[in-house]
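In the numbering used here, the protein residues as written are 1 to 179.
The following block contains the structure:
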């Protein structure tokens, strides 16, 4: 009768149990890490910017005031936003006003927002084109219309959630009718 002793493999491949054990340990370690990073990225990318209200005072120069709301809807983690800077473009005329977006009465370097929070700030611009030769017609054009194509750029120097952090530029573009 032949010998039924186990035959040893040729040694090029490790035992299947060892391979399955190593793959299992690898998955147990990396799955939560990848999940945490994905949650961080998802939360940080949920930042939205909206213009809530706006007023315009006609004259020379024209004064614009916008109320801007920044939210992070549907986030999984708290999002830390460094103080953003804001720029306004009206009917292809860059008003050149870049300002830090602070809430009233505070000068914090960063804000922490959860999905139910929002940050509201007020921006002021003056359309003084007197310093720009060749653009005196810009102020006249902006003075004659009640409706403008408004583009708002909000630049966050850093957005952070969990392990993910990055700078971010958000825009809001709309046709705005001044009251």
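Every residue, glycine too, gets a C-beta built ideally from N, C-alpha and C.
*Per-residue burial, residue 70 [other beta carbons within 10 Å of its own, 16 or more giving buried]*: buried
*Are residue 58 and residue 79 touching if we call contact CB-CB under 8 Å?*
no
*Is residue 65 helix, strand or coil by DSSP?*
strand
*Have a look at residue 123 and residue 36 and give me their C-alpha separation to the nearest angstrom.*
36 Å
_So if DSSP puts residue 101 in a beta bridge, which residue, or which two residues, is it bridged to?_
DSSP output for residue 101 lists no bridge partner at all.
*With which residues is residue 170 paired in a DSSP beta bridge?*
154
_Identity of the residues DSSP links to residue 70 by a beta bridge_ = 49, 119
*Of the residues 54, 41, 174, 120, which one's Cα is nearest the Cα of residue 163?*
41
*For residue 46, is the classification buried or exposed, using 16 other Cβ atoms within 10 angstroms of its Cβ as the cut-off for buried?*
buried
*Backbone CA spacing between residue 178 and residue 91 [nearest angstrom]*: 13 Å
*asked:* What does the Cβ neighbour count give for residue 75, buried or exposed, with the cut at 16 atoms within 10 Å?
replied: buried
*Reduced DSSP secondary structure (H/G/I, E/B, other) of residue 95*: coil
*If we ignore side chains and look at the alpha-carbon of each, how far apart do residue 68 and residue 49 end up?*
7 Å
*Got a sec? Which residues, its chain only, sit under 6 Å from residue 151 by beta carbon, not counting five neighbours each side?*
89, 173
_For a quick check, are the C-beta atoms of residue 39 and residue 72 less than 8 Å apart?_
no
*To the nearest angstrom, report how far apart residue 101 and residue 143 are at their CA atoms.*
26 Å
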